[in-house]
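Student: Have a look at this one.
Numbering (our numbering), first residue to last: 619 to 1133.
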């Protein structure tokens, strides 16, 4: 079940001084184009003409396009309807380090089956980027000219997902290969909402839906970063570079394709992706790409809170949270994710130190292959605000435990207006916060039983984090470290011997001043 009308091209022999080409497709379309030979590659150099049959696998603008390959391994793609050339760099196997041995066998199967049905299929995006950098990617994405329905019909173990971007997940056991149809250009006048069945764009330029399909060349330009617009063909073993991505990889630079501010308007999350990849790869951010963030940062306010939460998980749970936090603060993006914590971190070094310590510890746990939970990271980000609110409530006469409970509820509710934190995370966050007073002021048998509580370990780790960041907790972290090594009788004796009443103010309502 291949393409319904796969093009077959017949090319007349060009003369020595000009490329005079007649292209004929199966539909009978004919068009002649002339291009000065010197304009292409200088006089007296041979021009190699490649047919756009399925077996050639040369990226072209349209199925009626002509690909002219030059000796310098540059391909000029000519669109008959537009008579214009777009530059493409082809890197042969001898000039890159990607080996099929490092590619998922499932991804190779998907590409092979698509090609057997006369579809184009390329490994694309992060997998190609990471392979070129000598890494070992876990996820493999494929781009093709097959529609989602075509892909779904070819693979019974697949399903179409998404509305904003329709993609196909092909499942092989626990592994999922993501297959995306080439994206094309969408039309928008920029002044009013535009909507079709395939695309929708808001008045401010935000892409609400983008399912306009196109060619490989168009798909590359529609991608966000140059280093993610690299395509690997498992049949020719070549890498196709449409946007100078190899150049930016060599320069260790993150660059947006096209006009940065316009691309940010289309999808403000691209600013977060720029920061995420710069932090992950240790790359610099290209000048124009960086400057446009300052102008477009507020566009993040238009992004649904649920999507922002998903992006935060990607930002802070990839093993580069500390570097990511620094870049988010540097480019004033954090204030559009967590406004009050960002403001407090700017004016209180202790608040900034605590969140930075949390990110560094998270990175260490990920590198050690230990489990991490978003609840702990989010509890750390919001803690400076929670602690401040709780202290303010306590100063107004509310007992410490109820004050912490109220502060936690308030801060979570406010944070969820920007970032939709699911209850499965917000509930543990509040429990971690409310445990802090109990850990700072252990009393009697209930304190001995705290160690057995399911949330004790996270709360204890959080107490250690606070002390590491410089908070004064009367060395309770070490106290609880020692306490855990004792049996129940020894724990009770330690509590009896410990002068609990000398540690801080007792919980309870402060005396009101006499009127």
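By construction, the Cβ of each residue, glycine as well, lies at the ideal position given by its N, Cα and C atoms. Note that the structure is a prediction, hence the values are computed from the model and not measured.
Taking all protein chains shown into account, decide if residue 771 is buried (16 or more other Cβ within 10 angstroms of its Cβ) or exposed.
Tutor: As a working mapping, residue 771 is identified with position 153 in the chain shown. Exposed: under 16 other Cβ atoms inside 10 Å.
Student: Suppose contacts are defined by Cβ-Cβ distances below 8 Å. Is residue 746 in contact with residue 872 by that definition?
Tutor: To locate residue 746, count along the chain shown from 1; it is residue 128. To locate residue 872, count along the chain shown from 1; it is residue 254. No; because the gap between Cβ atoms is not below 8 Å, this pair is not in contact.
Student: Please say whether residue 980 and residue 934 have beta carbons closer to each other than 8 Å?
Tutor: Your numbering for residue 934 matches position 316 in the chain shown. Your numbering for residue 980 matches position 362 in the chain shown. Contact: yes.
Student: Thinking C-alpha only, which one of 727, 776, 718 and 783 is nearest residue 754?
Tutor: In the chain shown, the residue the question calls residue 754 occupies position 136. Closest by alpha carbon: 718.
Student: For residue 1109, I'd like the list of residues in its chain whose CB is within less than 7 Å of its CB, leaving aside the five on either flank, ordered along the chain.
Tutor: Here residue 1109 is taken as the residue at index 491 of the chain shown, counted from 1. Closer than 7 Å at the Cβ level, and outside the excluded window around residue 1109, lie 1066 and 1101.
Student: With three or more C-beta pairs closer than 8 Å as the rule, is the stretch 1025-1037 touching the stretch 962-976?
Tutor: Short answer: they don't touch.
Student: Do you know offhand how far residue 641's Cα is from residue 732's?
Tutor: Position 23 of the chain shown, counting from 1, holds the residue named residue 641. Position 114 of the chain shown, counting from 1, holds the residue named residue 732. Because residue 641 sits at a pLDDT of 34, beneath the cut-off of 50, its placement in the model cannot be relied upon, and the point is left open.
Student: Can you grab the Cα-Cα spacing for the pair residue 846 / residue 959, in whole Å?
Tutor: The residue given as residue 846 occupies position 228 in the chain shown. The residue given as residue 959 occupies position 341 in the chain shown. Going by the C-alpha atoms only, they are around 32 Å apart.
Student: Leaving out five residues on either side along the sequence, give the residues of the same chain with a beta carbon under 7 Å from the beta carbon of residue 1064.
Tutor: If you number the chain shown from 1, residue 1064 lands on position 446. Counting only Cβ-Cβ distances below 7 Å, and skipping sequence neighbours, we find nothing.
Student: To the nearest angstrom, report how far apart residue 725 and residue 1071 are at their CA atoms.
Tutor: By one-based count along the chain shown, residue 725 stands at place 107. By one-based count along the chain shown, residue 1071 stands at place 453. Taking the straight line joining both Cα atoms gives about 45 Å.
Student: Out of curiosity, what's the CA-to-CA distance linking residue 898 and residue 739?
Tutor: On the chain shown, residue 898 is found 280 positions in, with the first residue counted as 1. On the chain shown, residue 739 is found 121 positions in, with the first residue counted as 1. So the alpha carbons of these two residues sit roughly 27 Å apart.
Student: Among 775, 800 and 784, which has the Cα closest to the Cα of residue 792?
Tutor: Position 174 of the chain shown, counted from the start, is the residue given in the question as residue 792. Comparing Cα-Cα distances from residue 792 to each of 775, 800 and 784, the minimum goes to 775.
Student: Return yes when the Cβ of residue 998 is within less than 8 Å of the Cβ of residue 1011, no when it is not.
Tutor: Position 393 of the chain shown, counted from the first residue, corresponds to residue 1011. Position 380 of the chain shown, counted from the first residue, corresponds to residue 998. Result no, Cβ atoms of residue 1011 and residue 998 do not sit closer than 8 Å.
Student: Measuring from the CB of residue 751, is there a heavy atom of the ligand SAH at a distance below 7 Å?
Tutor: Inclusion of the ligand SAH in the displayed structure is not the case, the ligand content being empty and no account of it being possible.
Student: Considering only the alpha carbon of each residue, which of 861, 709, 769 and 912 lies closest to residue 852?
Tutor: In the chain shown, counting from the first residue as 1, residue 852 sits at position 234. Answer by Cα proximity: 709.
Student: Tell me which residue opens and which closes the alpha helix (DSSP H) that residue 1056 is part of.
Tutor: Stepping through the chain shown from its first residue, residue 1056 is reached at position 438. Where residue 1056 is concerned, the enclosing alpha helix (DSSP H) stretches over 1041-1058.
Student: Can you give, in chain order, each stretch of the beta strand (DSSP E) that sits fully within the stretch 918-1001 and has at least 3 residues?
Tutor: With a minimum length of 3 residues, no continuous beta strand (DSSP E) run stays inside the stretch 918-1001.
Student: Cα-Cα, which of 1111, 748, 743 and 729 is closest to residue 720?
Tutor: Along the chain shown, one-based indexing puts residue 720 at 102. Comparing Cα positions, the closest option is 748.
Student: For residue 849, report the span of its alpha helix (DSSP H) as first-last.
Tutor: If you number the chain shown from 1, residue 849 lands on position 231. Unbroken run through residue 849 is the beta strand (DSSP E), 848-850; no alpha helix (DSSP H).
Student: Using alpha carbons as the reference points, say which of 800, 783, 802 and 758 lies closest to residue 789.
Tutor: As a working note, residue 789 is residue 171 in the chain shown. Comparing Cα positions, the closest option is 758.
Student: Pull up the distance between the alpha-carbon of residue 787 and that of residue 834, whole angstroms please.
Tutor: Locating residue 787 in the chain shown gives position 169, where the first residue counts as 1. Locating residue 834 in the chain shown gives position 216, where the first residue counts as 1. The straight-line gap from Cα to Cα measures roughly 20 Å.
Student: Per DSSP, residue 759 is paired with what?
Tutor: Here residue 759 refers to the residue found at position 141 when the chain shown is read from its first residue. Per DSSP, 742 and 796.
Student: For the alpha helix (DSSP H) that residue 911 lies in, which residues bound it at each end?
Tutor: As a first step, residue 911 must be located in the chain shown, where it is residue number 293. It spans 905-914 - the alpha helix (DSSP H) in which residue 911 sits, taken as one unbroken run.
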